[in-house]
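The block underneath contains the structure these notes are about, expressed in C-alpha cells.
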Amino acid sequence: MKRYTYIANWKMNSDYNTSMRYIEQLVPFLKQAEQRIILCPSFLALAQTYASLAPTRALLGAQTCSAFAKGSYTGQIDAQSLKQAGCSFCLVGHSERRTYCHETIEDTVQQAKQLLQASITPILCIGETAEQRSASQTFSILEAQLTPLLNVYEDSCAELIVAYEPVWAIGTGTIPSRSQLDEALAWIKEHIKKQRNKADNTTILYGGSIGDANAASCLESPFLDGLLIGNASLDFQKFKNIVSLNC
Ligand code: PGA
Numbered sequence: 053m054k055r056y057t058y059i060a061n062w063k064m065n066s067d068y069n070t071s072m073r074y075i076e077q078l079v080p081f082l083k084q085a086e087q088r089i090i091l092c093p094s095f096l097a098l099a100q101t102y103a104s105l106a107p108t109r110a111l112l113g114a115q116t117c118s119a120f121a122k123g124s125y126t127g128q129i130d131a132q133s134l135k136q137a138g139c140s141f142c143l144v145g146h147s148e149r150r151t152y153c154h155e156t157i158e159d160t161v162q163q164a165k166q167l168l169q170a171s172i173t174p175i176l177c178i179g180e181t182a183e184q185r186s187a188s189q190t191f192s193i194l195e196a197q198l199t200p201l202l203n204v205y206e207d208s209c210a211e212l213i214v215a216y217e218p219v220w221a222i223g224t225g226t227i228p229s230r231s232q233l234d235e236a237l238a239w240i241k242e243h244i245k246k247q248r249n250k251a252d253n254t255t256i257l258y259g260g261s262i263g264d265a266n267a268a269s270c271l272e273s274p275f276l277d278g279l280l281i282g283n284a285s286l287d288f289q290k291f292k293n294i295v296s297l298n299c
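Going from the sequence shown to the numbering used here is simple: count from 1 and add 52.
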C-alpha cells in the first residue's frame, strides 16, 4: 500500500499553550499512525513539539526560515537553529509568505540553499493566483517559481518535495477540479523529470482547503503522494479522518 505524506501547517492559527494541549491530544493517535506525518507549528512551539513527538514516528517541520546563514537580521531564524530544534523539514515559498512578507523567488532560492546546507528538507510551495489562472498563466507561474528552486538541488540527493498550492484554493473552501489537479500535478512531475533528468526521490503534494470531506477524492489522483493541510490539521477529528483514509 502506498505510504502517503501528510503535512500539518498550523500557521499562526494556534497559540503556544493551545498547541501544547493539542499535541498531547495528537500523540496517542500519532503513535499508531502508519503514514508519514510532518507537523509544522510556529517557531516558538518547535522544540517542545519535538520533545512531545519522541514516542511517535511523526516528524517536525518549520513554516519558514531566514535566507541568510547568520548575521544582524533582527527577528529572523536561521536554518541551523531549526535543525538544532529538531526540524527535518521546512516550508519554502508558502503563498502567505510571498503575499504578506513579500518573499521573492530569489528569497525562496536562498532559503532552500540554507536548508539543504543544514540537512533540512525543503517543502517547495508553488501555485498560481485566480487572476493568473484565468489569464492562462498557470504553467508559466509554476515554471517561474519552480525552475530556480530545482537548480538549488543540482548536486544534492535530498528528497525533493513539491506542494502544489493554488493561491485561490488556500483557505477558501474551494479545491481544483480533478482535471485541474491532475493537469497541474502531471505538469510538475514532467517538469521535474525534464530539468533534473530523474524523477526518483520526489514527493508531490497538494494543499488548499483540504478537509475530511474532499481529501479522499484528491488522493485518487495517481500523481499525488500526499497532502498539505492548513485549517483542518488543527481539528483533531478532521485531521485523524484524513490521515486514516488509506489505512
Ligand atoms: P488550508 O491551508 O488547508 O487552510 O487552505 C493550506 C495551506 O495554506 O497550506
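Idealized CB from N, CA, C, for every residue including glycine.
Set against 7 Å, the gap from the CB of Asn249 to the closest heavy atom of the ligand PGA is not smaller. Annotation for Phe141: the continuous beta strand (DSSP E) segment containing it runs 141 to 144.
When DSSP states are grouped into helix, strand and coil, Ile89 belongs to the strand group. Between Ala236 and Tyr216, the CB-CB gap stays under 8 Å.
Within 7 Å of the C-beta of Ala284 there is at least one heavy atom belonging to the ligand PGA. In this structure, the alpha-carbon of Ala60 lies about 6 Å from that of Cys92. DSSP, read as helix, strand or coil, puts Val204 in coil. The C-beta distance from Ile90 to Val295 rounds to 11 Å, too long to meet the 8 Å contact threshold. Tyr68 carries a helical assignment under DSSP once its states are collapsed to helix, strand and coil.
Spanning the alpha carbons of Gln163 and Ala119 requires a straight line of approximately 4 Å. Taking 8 Å as the cut-off, the Cβ atoms of Leu194 and Ile178 count as close. Cβ-Cβ distances below 8 Å link Thr224 to Gly260, Ser261 in the same chain, with the five nearest sequence neighbours on each side left out; the list follows chain order. The beta carbons of Ala267 and Leu279 sit about 6 Å from each other, so the pair counts as a contact at 8 Å. Within 10 angstroms of the beta-carbon of Phe291 lie 16 or more other beta-carbons, which makes it buried. When C-beta atoms of the region 151 to 170 are compared with those of the region 106 to 124, three or more pairs fall below 8 Å, so the two segments count as touching. The three-state reading of DSSP puts Asn61 in strand, counting E and B together.
Beta-bridge partners assigned by DSSP to Thr173: Phe141. Apart from the 5 residues on each side of it in sequence, Arg185 sits with its Cβ closer than 8 Å to the Cβ of Pro218, Trp220 in its chain, given in chain order.
Looking at Tyr56, Arg73, Leu78, Met53, the one whose alpha-carbon comes closest to that of Gln289 is Leu78. The Cβ-Cβ distance between Asp277 and Ile244 does not fall below 8 Å. Nearest Cα to Asn65 within the set Ala284, Asn298, Cys139: Ala284. Between Ile75 and Ser104, the CB-CB gap stays under 8 Å. For Tyr102, the three-state secondary structure derived from DSSP is helix.
Residue nearest to Ala99 within the set Tyr125, Ser71, Phe81 is Ser71 (criterion: CA-CA distance).
Using a Cβ distance threshold of 8 Å, Gln197 and Gly145 count as a contacting pair.
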